[in-house]
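Residue 173 in full-length UniProt numbering is what sits at position 173 of the sequence shown, and the numbering runs on without skipping anything. No residue lacks a Cβ here, since even glycine has one placed at the ideal position from N, Cα and C. Predicted model, so just to flag it, every value in this text is computed and none were measured.
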Amino acid sequence: MYSSIFGGIVLDPMMMMIPIDDHMVHRGHGVFDTAIIFNGFLYELDAHLERFQRSASLAKISPPFSGSAFRSILIQLTEKSKCKNGTLRYWLSAGSGNFSLSPSDCPTPALYAIVIKHDMSQWKEGVKVITSSIPMKTPLFATMKNVNYLPNVLAQMEAEEKGAFASIWVDDEGYIAEGPNMNVAFVNQDTELVIPKFDKILAGCTENRLLELAPKLVEQGRLKAVKTAHISVEEAKAAAEMMFVGSSLPVAPIIMWDDKPIGNGKVGKLTLALSDLLWNDMAAGPETHRIRVTYE
Ligand SMILES: Cc1ncc(COP(=O)(O)O)c(C=O)c1O
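Put into structure tokens, the structure is as follows:
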């Protein structure tokens, strides 16, 4: 773990603590982001750091030091953790000082980061989803990756209670939004990849990368087009294929929604082709998207 409070990296779990008067803890005044560590490379770290900075500015928190210094700390932390497969997660808090609402008496915002070891394998199985009955966040809070994930937690718990993998939010205009910690994507009956617009949801780094990679399938004649759109529930439920997209997956095929099959109810071929594109990019893509970590 790294903490700007003690100004360094600790490897002893007993030391991995944050103060209870930190406003991220008792007021939710903090933002966070992640990046996957895959085979010793940090995948899409810069895209995630850009989103982290956007979230920080929406939450009105100024990082205690420059983005490039923090980037270098994150790479050093990954190196020191010796972790080759896992997740790097980092937070910016308004800082500690008291138990008020206003951060005006918090002298310095705080940065924290942690490495969580886990293996990742490519999803091949189809999953079931439900429509969430938990209200989704308003656009300001959904587009900013802040630490208030209670709606996301309740949406996930609701899905698990109903035997589903996760839930899908529909926005106030009846358009498809996102899952509790993943985006969604569809292949419609015209063989187009359609991704919900990011105006009211979190702009997924993985979906943004997929938007760059998927035109390859258009060149091969497997997809007709790649686009973003507002997608109604009716259009979505009539899709040929549906999937979750997110950095920890990177793609999970969805075969059943509210107990009705999507398409023919089987894992879609194009879903798997899109999954391969991302998986290969993580494993062997250009080094502009993968930072090599040099372990001792
Ligand atoms: C609410 C929400 N939507 C979408 C995503 C997917 O984003 P990414 O592809 O950057 O992991 C996440 C994951 O961080 C999330 O928490």
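Glu173 - containing alpha helix (DSSP H), residue span: Locating residue 173 in the sequence shown gives position 173, counting from the first residue. Here Glu173 belongs to no alpha helix (DSSP H), and DSSP marks it neither H nor E.
Alpha carbon of Met17 to alpha carbon of Val153, nearest angstrom: Looking up residue 17 in the sequence shown gives position 17. Looking up residue 153 in the sequence shown gives position 153. Each residue's alpha carbon lies about 22 Å from the other.
Coarse secondary structure for Leu42, derived from DSSP in three states: To locate residue 42, count along the sequence shown from 1; it is residue 42. Strand at Leu42.
Coil, strand or helix - Met243 by DSSP: Sequence index remark: in the sequence shown, residue 243 carries index 243 (1-based). Residue state, collapsed to three classes: strand.
Heavy atoms of ligand 1 versus C-beta positions, residues under 5 Å: Glu178, Asn181, Asn183, Leu202, Gly204, Cys205, Thr206, Gly246, Ser247
Close Cβ partners of Ser132 (< 7 Å) along its chain, the five nearest in sequence each way excluded: In the sequence shown, residue 132 corresponds to position 132, counting from 1. Only Ala155, Glu158, Ser167, Ile168, Trp169 meet the Cβ criterion.
Extent of the continuous beta strand (DSSP E) to which Arg89 belongs: Position 89 of the sequence shown holds residue 89. 86-93 is the span of the beta strand (DSSP E), which, as asked, contains Arg89.
Cut-off 7 Å between Cβ atoms - residues of its own chain near Met136, not counting five sequence neighbours on either side: Within the sequence shown, numbered from 1, the residue matching residue 136 stands at position 136. Cβ within range, chain order: Ala142, Pro151, Trp169, Asp171, Ala177.
Residues near Thr108 in its chain [Cβ-Cβ closer than 8 Å; skip 5 each side]: Along the sequence shown, one-based indexing puts residue 108 at 108. Only Ser4, Pro64, Gly95 meet the Cβ criterion.
Residue ranges of each beta strand (DSSP E) within the region 6-54, 3 or longer: 30-38, 41-43
Residues sharing a beta bridge with Pro151, DSSP: For the purposes of this step, residue 151 is taken as the residue at position 151 of the sequence shown. Paired residues: none, contrary to the question.
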